[in-house]
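Inspection log for the structure reproduced underneath, given as structure tokens.
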Amino acid sequence: MDQSFQIAHEEIDGVPVVSATGEIDVATAPPLRDRLQSLATSGKSTVVVDLLGVTFLDSTALGVLVGALKRCRESGGDLPLVITEPRILKVFEITGLTGVFPIYAGVDDAVRSVA
Amino acid sequence: MSTTGSPIATLGIELSIPVPADLVVLARLTAATVAGRAGFGVEDIEDLRLAVEELCLSLVGGGKDGRLHLTYECENDAITVTCRYEDGDGGAAADADDLSLRILDALVDEHGHSALDGQPSAWLCKRRSDQTA
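Protein chains in written order, with the numbering used here: chain P, 1 to 115; chain W, 116 to 248.
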């Protein structure tokens, strides 16, 4: 696994927030998928995903996030993302996913939207 | 990103990496180095890095065996990357997924899939845009 990739998890106002840092690619996406699946299994229908520290993201990562979004919405929840880095936003824009995910510029804003 | 060193001119660079795809990071690092040496700007380098990743993933999919053979050629302000998947277990290569194709469409000037020596392959061409390197 890429040593620069890390996942952290905390709860803010009762909302789970998963923060990823580093490069999310075909090698590092599986741990993120596992973490999000684990939260869904434990009954968390809404999860904020903080991508502020992400420096690279490919279609594998997008697939993980889209899968998690589907699970959340099937359970009546949502999967807000936190992104400010233009390079990362660009990947969502060119794949048409900015209209699919709620995207916020800060974790607090994302948590407030679902708390 | 900025790299230093001798210009690569029209030299071809070859890279062979084992599948599974978690070593595709080497393909995109090489792409960034080649583009930097060729005087591409930061935006172009970042575009090429992601495009090369998607090129590889579009061939390998969830493949767990075989090798990816990449060539990087730079000529006339354009970089062409060709990727051939030598599938170790003889299974069919992955169909390029929609997200990969959308990303490639947006980031490079041309791309395509074909077969080289009976093996699935894909290529892309990225031209240097007008920006400060």
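Just so it is clear, CB atoms sit at the ideal spot from N, CA and C, and this is done for glycine as well.
Legend entry - P:P86 - DSSP class collapsed to helix/strand/coil: If DSSP states are grouped into helix, strand and coil, P:P86 belongs with the helices.
Inset, instruction - Measure the beta-carbon distance from P:A20 to P:I7 and round it to whole angstroms, keeping in mind my assumption that it falls under 8 Å. - result: Right, their Cβ atoms sit about 5 Å apart.
Legend entry - Cβ pair P:T60, P:D25 closer than 8 Å: The answer is yes: Cβ separation under 8 Å.
Legend entry - Alpha carbon of P:P30 to alpha carbon of P:V64, nearest angstrom: Cα to Cα, the separation comes out at about 8 Å.
Inset, instruction - Return the bridge partner residues of W:C189 from the DSSP annotation. - result: According to DSSP, which records beta bridges pairwise, W:C189 is partnered with W:I194.
Legend entry - Own chain residues within Cβ distance below 6 Å of W:R143, not counting five before or after: Here the set comprises R164, V167 and E168.
Inset, instruction - Determine the chain P residues that contact W:R217 at a beta-carbon separation under 9 Å, and present them in chain order. - result: Contact note: W:R217 reaches chain P through S59, I94, T95 and G96, using a C-beta cutoff of 9 Å and chain order.
Inset, instruction - Within 10 angstroms of the Cβ of P:E23, are there 16 or more other Cβ atoms? Answer buried if so, exposed if not. - result: Result: buried.
Legend entry - Option in W:V134, W:G154 and W:A193 with minimal Cα separation from W:C171: Out of W:V134, W:G154 and W:A193, W:V134 has the C-alpha closest to the C-alpha of W:C171.
Legend entry - Endpoints, beta strand (DSSP E) assigned at P:D50: Counting along the chain, the beta strand (DSSP E) containing P:D50 begins and ends at V48 to L57.
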